[in-house]
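A.B. asks: Residue numbers for the sequence shown follow the numbering used here, beginning at -5 and rising by one. Let me give you the structure first, and then I'll get to my questions.
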Amino acid sequence: MLLGRPWGRCHLGRCALLLGVALLFDAVGLVLLLLGILAPLDYWDFLVYTGSLILAFSLLFWVTWYSLNIEVPLEKLDL
């Protein structure tokens, strides 16, 4: 039965708060960027630049979240 049981485990990792912040920054940045591009507003440049900066900051949260979720077995560590 295909719908009765999931194929694999899906988890958000150890730091779900960083994942949530990264997704929030992505959504807000994309909305501001598209609003600045598509809406006929006088302050379109502010929205475009702000959306781009927020998207750039979201990359920092994505890299941090990914780095904190890397799992290295104890055998591979030289302790």
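Cβ atoms here follow ideal geometry from the backbone N, Cα and C, with glycine treated the same way.
1) Rounded to whole angstroms, what's the CA-CA distance from Ser46 to Ile31? Just pull it up for me.
2) Taking the C-alpha atoms as reference points, what is the distance between Gly23 and Ile64?
3) Please identify the residue among Ser61, Phe55, Leu35 and Phe40 whose C-alpha is closest to the C-alpha of Leu12.
4) For Asp39, I'd like the list of residues in its chain whose CB is within less than 8 Å of its CB, leaving aside the five on either flank, ordered along the chain.
5) Going by DSSP, what residue range makes up the alpha helix (DSSP H) through Ala10?
C.D. replies: So, from the data block:
1) Ser46 and Ile31 have their C-alpha atoms roughly 11 Å apart.
2) Computed Cα separation, rounded: 27 Å.
3) Looking at the Cα atoms, Phe55 is the closest of the given residues.
4) Correct list, in chain order: Gly30.
5) Annotation: the continuous alpha helix (DSSP H) that includes Ala10 extends over Ala10 to Leu32.
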